[in-house]
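Enquirer: Residue 561 in this note's numbering sits at position 58 of the sequence shown, and the numbers go up by one each step. Positions of the beta carbon are idealized from the N, C-alpha and C atoms, including for glycine. Sharing a structure, written as structure tokens. Questions coming.
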Amino acid sequence: MRNKYKNVLIPGITMEGTTSDGKCVARWNGRVVFVEGVAPGDVADVRIIRQKKNYLEGVAEQLLFQSEVRTPPFCDHFGICGGCKWQHIDYQHQIEYKRQQVIDSLQRIGKVTFPEVELTLPSPKTRYHRNKLEFTFSNRRWLSHQEISSGKRLNRMGVGFHKIR
Numbered sequence: 504m505r506n507k508y509k510n511v512l513i514p515g516i517t518m519e520g521t522t523s524d525g526k527c528v529a530r531w532n533g534r535v536v537f538v539e540g541v542a543p544g545d546v547a548d549v550r551i552i553r554q555k556k557n558y559l560e561g562v563a564e565q566l567l568f569q570s571e572v573r574t575p576p577f578c579d580h581f582g583i584c585g586g587c588k589w590q591h592i593d594y595q596h597q598i599e600y601k602r603q604q605v606i607d608s609l610q611r612i613g614k615v616t617f618p619e620v621e622l623t624l625p626s627p628k629t630r631y632h633r634n635k636l637e638f639t640f641s642n643r644r645w646l647s648h649q650e651i652s653s654g655k656r657l658n659r660m661g662v663g664f665h666k667i668r
């Protein structure tokens, strides 16, 4: 498949919905575009970085309009560690989007019919808690955006993953 869309800049595309992995869905020229780091209702210039058979993947180059569901992230590591993909979306909308994902998964993927899905119960603690952990391991340490953009040569050895000779 020829990558005729790769590196194409789509100006002013509106984010319509969310995916289960924290991306937003937009549509352009009859194709589905998945974009990370944006919120439903955002309007952004999006650069296509990957072309698949049935969809495109892009990154927001410039945010032109911020959705009313946006909220400032409270964690300094948001956008770097990848743990809280929706921290830039207010909590009430997060639980609405999660409920919609359950409905979509059951109806569209599972072909299950049901009368109604109950409302999602909010957590009393909306910050600094996790109910799911995923661990990754590497012999190279994790770098922040600040370290990467500093231009300095960095020691990438991870703790306990090297042998001093």
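From this set, 516, 587 and 622, which residue's C-alpha is nearest residue 637's C-alpha?
Expert: For the residues 516, 587 and 622, the minimum Cα distance to residue 637 belongs to 587.
Enquirer: Please classify residue 620 as buried or exposed, where buried requires at least 16 other C-beta atoms within 10 Å of its C-beta.
Expert: Result: exposed.
Enquirer: What do you reckon, are the CB atoms on residue 549 and residue 516 nearer than 8 Å?
Expert: The answer is yes: Cβ separation under 8 Å.
Enquirer: For the candidate residues 558, 539 and 528, whose alpha-carbon lies nearest to that of residue 508?
Expert: Of the candidates 558, 539 and 528, the one whose C-alpha sits nearest the C-alpha of residue 508 is 558.
Enquirer: Is the Cβ-Cβ distance between residue 676 and residue 648 less than 8 Å?
Expert: Residue 676 is absent from the structure shown; the chain starts at 504 and stops at 668.
Enquirer: Could you say which of 656, 591 and 631 lies nearest to residue 527 if we only look at CA atoms?
Expert: Minimum Cα distance to residue 527 is reached at 591.
Enquirer: Whose C-alpha, out of 539, 576 and 610, is nearest the C-alpha of residue 553?
Expert: Ranking the options by Cα distance to residue 553, first place goes to 539.
Enquirer: Express the C-alpha separation of residue 529 and residue 605 in angstroms, rounding to a whole number.
Expert: Whole-angstrom Cα-Cα distance: 20 Å.
Enquirer: Throw me the rounded Cβ distance for the residue 565 and residue 547 pair, which I believe falls under 8 Å.
Expert: Yes, residue 565 and residue 547 are in contact; Cβ-Cβ is about 6 Å, under 8 Å.
Enquirer: DSSP three-state label for residue 558, please.
Expert: Note: residue 558 maps to strand in three-state DSSP.
Enquirer: Can you look up residue 598 in the DSSP assignment and give me helix, strand or coil?
Expert: Helix at residue 598.
Enquirer: Can you list, in chain order, the residues of its chain with a C-beta nearer than 8 Å to that of residue 595? Leave out the 5 residues immediately preceding and following it.
Expert: Cβ within range, chain order: 625.
Enquirer: Alpha carbon to alpha carbon, how far is residue 579 from residue 650?
Expert: Cα to Cα, the separation comes out at about 14 Å.
Enquirer: Could you spell out where the beta strand (DSSP E) holding residue 650 opens and where it closes?
Expert: Per DSSP, residue 650 belongs to no beta strand (DSSP E); it is in the alpha helix (DSSP H), 648-652.
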